[in-house]
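K.L.:
Protein chains in written order, with the numbering used here: chain A, -3 to 110; chain B, 6 to 119.
(1) At a Cβ cut of 7 Å, what residues of the segment 44 to 55 of chain B count as close to chain A, listed as they run along the chain?
(2) Short of 7 Å in beta carbon distance, which residues of its chain neighbour residue 58/B, apart from the five on each side in sequence? Order them along the chain.
(3) Starting from the beta carbon of residue 98/A, find every residue of chain B whose beta carbon is closer than 7 Å, and list them in chain order.
(4) Could you tell me the boundaries of the beta strand (DSSP E) in which residue 43/B lies?
(5) With 8 Å as the C-beta to C-beta threshold (strictly closer), list the residues of the segment 40 to 62 of chain A near chain B in chain order.
(6) Given this structure, state the Cα-to-Cα distance separating residue 118/B from residue 83/B, to the nearest angstrom.
(7) If you draw a straight line from the C-alpha of residue 87/B to the C-alpha of residue 20/B, how long is it?
(8) Is residue 90/A close to chain B, meaning its C-beta is less than 9 Å from at least one C-beta of that chain?
(9) Going straight from the alpha carbon of residue 101/B to that of residue 110/B, what length do you get?
(10) Tell me which same chain residues have a C-beta within less than 6 Å of the C-beta of residue 71/B, skipping the five on either side of it?
(11) Shorter than 9 Å from the beta carbon of residue 38/A to some beta carbon of chain B?
(12) Beta strand (DSSP E) containing residue 64/A: first to last residue?
(13) Check whether the Cβ atoms of residue 91/B and residue 12/B lie closer than 9 Å to each other.
(14) In chain order, what residues of the same chain lie with their CB nearer than 7 Å to the CB of residue 134/A, ignoring the 5 residues before and after it?
(15) Assuming residue 91/A contacts residue 25/A (C-beta within less than 8 Å), just tell me the rounded distance between them.
(16) Using three-state DSSP, classify residue 67/A as helix, strand or coil.
(17) Nearest to residue 18/A by CA position, among 108/A, 99/A, 98/A, 86/A, is which residue?
(18) Here's the rule I'm using: 16 or more other beta-carbon atoms within 10 Å means buried, otherwise exposed. How should residue 37/B be labelled?
(19) Considering only the beta carbon of each residue, do residue 77/A and residue 13/A sit closer than 9 Å?
(20) Quick check: what's the CA-CA separation for residue 10/B versus residue 35/B?
(21) Under 7 Å between beta-carbons, which chain A residues line up against residue 98/B? List them in chain order, please.
(22) Between the Cα of residue 113/A and those of 72/A, 75/A, 64/A, spot the shortest distance and give me the residue it belongs to.
(23) Figure out for me which residue from 16/B, 55/B, 65/B has the closest Cα to the Cα of residue 26/B.
(24) Per DSSP, what kind of secondary structure is residue 101/B in: helix, strand or coil?
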């Protein structure tokens, strides 16, 4: 069984401020972890992923996330928010090697205030 | 490269009507998925397929049916539409193998059942 919890359905930051979106997961086997971004009226796009190896992963648009097994967390960060970062962000988990099912969190809408 | 194509983009149904949401991908992906997205609920898996002729239920399959006669196509059928099926539907696909964990999403179908 696997699940994802995203803390905060809405997050507001000022332009230039740190972005921190929280994700905790549970999985009975070693997980693959993902962050996807959804812009208005579009499908989801992969931002970054962790499968194996280095626990700090870098994605597109300056985002990064760190896999912390002891905390079962995979928080998404960006040092300086840009207006174009306003979107909805989804954390997701799948079993390592398990191609069948990807479980998504409920999403966090990021608002960037000028 | 078209990726994952969904049709129609919008549809309004009356209660009890039926319809098929079309999904096709041109990446020769074995794995295909149907998700529904409801506000504040994230994405819920309806059905998935690991290859032509093979389908399986996800978290919320009731009221839906699928088929997978070819690698490219994965249509979702609603037989007796109900207001609870008002949602945004996303089709997704992924390749096979440990380097193909990324999901590719279509742009979605917004369905209203009145």
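Beta carbons are placed, not taken as given, at the ideal position from N, Cα and C, and that holds for glycine.
P.N.:
According to the structure data:
(1) Per Cβ criterion, the list reads 45, 46, 47, 48, 50, 53, 55.
(2) Cβ neighbours of residue 58/B beyond the five flanking positions: 73.
(3) 108
(4) 36 to 43
(5) 40, 41, 42, 45, 47
(6) 11 Å
(7) 5 Å
(8) yes
(9) 16 Å
(10) 52, 60, 81
(11) yes
(12) 60 to 64
(13) no
(14) What the structure shows of chain A is the stretch from -3 to 110, and residue 134/A is not part of that stretch, so it cannot be assessed.
(15) 5 Å
(16) Looking at residue 67/A - three-state DSSP - the assignment turns out to be helix.
(17) If we check each option's Cα against that of residue 18/A, 86/A comes out closest.
(18) buried
(19) yes
(20) 16 Å
(21) Simply none; closest approach about 11 Å.
(22) Given that chain A is displayed from residue -3 to residue 110, the structure contains no residue 113/A and the question cannot be resolved.
(23) Nearest to residue 26/B by alpha-carbon distance, out of 16/B, 55/B, 65/B, is 16/B.
(24) Here residue 101/B sits in coil by DSSP.
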